[in-house]
Amino acid sequence: MILQQVFDGLTLGIVYALIAVGYSLVFGVLRLVNFAHGATYAFGAHIAMVVVVSTNFGLFWAIIISVIMTGLMTMFMDRIALRPLRAKKSKGISALITTIGCSYIIQNALMIVFGSRSKWFPKIFDYGNFQIGNVLVKSTQVGIITVSVVLLLLLTFIVQKTKIGLAMRAVQQNAKAASLMGIDVNRVISFTFFLGGASAAVAGSLISGYYQIVNPQMGFIAGLKAFSAAVLGGIGILHGAVFGGLVVGLAESFAAFYIGGGYRDAVAFIILIVVLIFRPNGLFGKKVIEKV
Amino acid sequence: MPKPILELKDINTYYGMIHAVKGINMEISKGEIVALIGSNGAGKSTTLNTIAGLLKPKKGQIIYDGKDLSHSSAAEIVKMGICLSPEGREVFPDLSVQDNLKLGAFTRKDRAMIQRDYDKVYSLFPRLYERKVQVAKTLSGGEQQMLAIGRALMSDPKVLLLDEPSLGLSPNLVMLIFDLIKDIKKLGVTILLVEQNAKMALKTADRAYVLETGRITLEGTGKQLLTDDNVRKAYLGNI
Ligand SMILES: Nc1ncnc2c1ncn2[C@@H]1O[C@H](COP(=O)(O)OP(=O)(O)OP(=O)(O)O)[C@@H](O)[C@H]1O
Ligand SMILES: [Mg+2]
């Protein structure tokens, strides 16, 4: 029985991880919590949904289109709402409030276009179920885990091994020095937003394909939980976000089973609060963030 | 005098209401070491940051190679061949020495030439070679300074701007840094050097400017300024 909870928890957790890295990436380069990230996740799911139901491209291409459009949408959000604040060197709190505003603008736009009721989403990776020992394994879950792991590895590769990834790390550590190296800091920030939006779109599509439902408000609680996952692991640290996501997913799965479905959302935050009391910078966080 | 590679014409830079640089004019010829000296708060770093594009002058022109840079971004200016090694080193603390140097060459594409420049930097600073894989924050102050200069050289600059390269270094390291500056000149790089250590700077420089509260008050060859009474009183401790 326990193994079943573990497997179900890991499925959820790996998707939380995918959302959490979006928070972490943006926080890394901007020291900003992007509160529009949850709405971005909902946006991604809706784009995939509308492409599937209105064209005959199929789910795979629908998700690809959603990834591109969601990535571009987040770049656009940064360009028109956040970059002017940076140019004026305004306080961090202004940018934070702006992301909360953007979150509602995106969510309301989804409601206006798609209506506020829940809508059908096709089941993803639907190749039946099988039994391993006494664990019921759904093909959907295997697909979700596989896609998420591949994507997390890809994101890690981009950040650790590519030239643009090196630029991201440079901006993260010292934006002024980065611009002295000839790095276009705004372009790096745009790219980071694109990655965050793209991974949120995949996460939104995967979760919608799992529950077979989309809803404009779906990003609110998922966003908060993934944010707590990112903080739990140490925000700005990629493997921390992945670990945090898995912890939150597992905790939720166990809480739903042993305590009752009503507590599944609370448990992520209980863990967060407890961890922060003992490790204020998160599990993998360093003592101080060096800021030059 | 040959045509200057870099020329500042009536440059004025502000921080909000604070008028930090008040209409300065400078000319730097190809291959020279020019020193800019002055007391704390005179506007030396502001001048270098303005040339490097970190600050925008409110008035005036920065002519480099016949083009006006005063509206170009920091990134564009690096691409054109002017690189600043900033005050306080500003290395990337959690990146290795090698990655710091790699970032110095960020705008360049010519792999073979970049490799040649790694070799050049490592031969100028053998200590960096020994610490290639070490993260920058664990280097000593002097080593971080070498890294900051080496990183700037990796952009293959025509003009190198150095802001207080000897700051906080022990006397023998100061000597080493100034020797290196002369070595860099021999590689054909033009250098604009800002220094608190006026004596060493004037000894090293071909020419120098004295900056006081945002204005140039004196200019001449290094030798002339070393023997100038006012300079001796104000900056050389009357020796
Ligand atoms: N970011 C800033 N905001 C407001 N004023 C500034 C800022 N940076 C410098 N200043 C002011 O501009 C003036 C020139 O400063 P600058 O840093 O250029 O001096 P400096 O000659 O480099 O001095 P030091 O030798 O101490 O480095 C000073 O009066 C300083 O207070
Ligand atoms: Mg200074």
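Chains as they are written, first to last, in the working numbering: chain F, 1056 to 1347; chain Z, 105 to 343. Don't be surprised by glycine CBs; every beta carbon is placed ideally from N, CA and C.
Residues in the region 1205-1225 of chain F with C-beta within 9 Å of chain Z's C-beta atoms, listed in sequence order?
The residues in question are K1218, L1221, A1222, R1224, A1225.
Less than 8 Å between the beta carbons of A302(Z) and I141(Z), yes or no?
In contact: A302(Z) and I141(Z) (Cβ atoms closer than 8 Å).
Close beta carbons around S413(Z), own chain, < 6 Å, minus the five adjacent residues each side:
Shown here, chain Z extends from 105 to 343; a query on residue 413(Z) therefore has no answer.
Give the residues of chain Z in contact with G1237(F), contact being defined as C-beta atoms less than 7 Å apart.
Within chain Z, the residues near G1237(F) are A179, V182, K183, F210, T211, S259.
Runs of alpha helix (DSSP H) lying entirely within the region 275-338 of chain Z, each at least 4 residues, in chain order:
275-290, 302-308, 326-331
Which residues have their C-beta within less than 5 Å of a heavy atom of ligand 1, listed in chain order?
Y119(Z), I122(Z), A124(Z), N144(Z), G145(Z), A146(Z), G147(Z), K148(Z), S149(Z), T150(Z)
One question on the structure: do G1337(F) and G1295(F) come within less than 8 Å of each other, judged by their Cβ atoms?
yes
Taking 7 Å as the line, does the beta carbon of D267(Z) fall inside it for any heavy atom of ligand 2?
For D267(Z), the shortest separation between its Cβ and any heavy atom of ligand 2 lies below 7 Å.
Rank A252(Z), M184(Z), D214(Z), R235(Z) by C-alpha distance to the C-alpha of I285(Z) and give the top, closest one.
A252(Z)
Limits of the alpha helix (DSSP H) - the one that Q249(Z) falls within:
245-257
Any contact between the region 255-271 of chain Z and the region 177-192 of chain Z? By contact I mean 3 or more CB pairs, one from each, below 8 Å.
yes
Of all Cβ atoms in chain Z, is any one closer than 8 Å to the Cβ of N1229(F)?
yes
At the level of alpha carbons, what is the spacing between D221(Z) and M1124(F)?
In this structure, the CA atom of D221(Z) is about 41 Å from the CA atom of M1124(F).
Check whether the Cβ of E234(Z) sits closer than 7 Å to any heavy atom of ligand 2, and report yes or no.
no
Out of L1207(F), M1236(F), L1208(F), which one is the CA nearest neighbour of L1221(F)?
Ranking L1207(F), M1236(F), L1208(F) by Cα distance to L1221(F) puts M1236(F) first.
Identify, in the order they occur along the chain, each residue of the same chain with its Cβ nearer than 8 Å to the Cβ of L315(Z), setting aside the five sequence neighbours on each side.
By the criterion of a C-beta distance shorter than 8 Å, L315(Z) is surrounded in its chain by I128, L140, I141, G142, A146, G147, K148, T151, T321, once the five residues flanking it on both sides are discounted.
Under 7 Å (Cβ pairs) to chain F, residues found in the region 133-156 of chain Z
A156
Measuring alpha carbon to alpha carbon, tell me which of K1193(F), Y1071(F), I1268(F), V1286(F) ends up nearest Y1182(F).
K1193(F)
8 Å Cβ cutoff, I1244(F) in contact with chain Z
no
Members of the region 185-198 of chain Z near chain F, C-beta cut-off 8 Å
Cβ contacts with chain F come from C187, L188, P190, G192, E194, V195, F196, P197, D198.
In angstroms with no decimal places, state the Cα-to-Cα distance between I343(Z) and M250(Z).
Because I343(Z) carries a pLDDT of 48, less than 50, the predicted location of this residue cannot be relied on, and the following value inherits that uncertainty. Roughly 30 Å between the two C-alpha positions.
Quick one, which of F1309(F), Y1318(F), S1283(F), N1270(F) has its alpha-carbon nearest V1297(F)'s?
S1283(F)
Distance cutoff 8 Å, beta carbons only. Does S1079(F) sit that close to anything in chain Z?
no
Name, please, each residue of chain F whose Cβ falls closer than 7 Å to the Cβ of K262(Z).
The contacting residues do not exist; K262(Z) stays about 14 Å from chain F at best.
Taking 7 Å as the cut-off, does the CB of E316(Z) come closer than this to any heavy atom belonging to ligand 2?
No, since every heavy atom of ligand 2 falls outside the 7 Å radius drawn around the Cβ of E316(Z).
Taking the DSSP output, what are the residues bridged to Q1186(F)?
Per DSSP, the beta bridge partners of Q1186(F) are L1191(F).
On a CA-only basis, which of N144(Z), I218(Z), P108(Z) is nearest I167(Z)? Give me that one, please.
Answer by Cα proximity: P108(Z).
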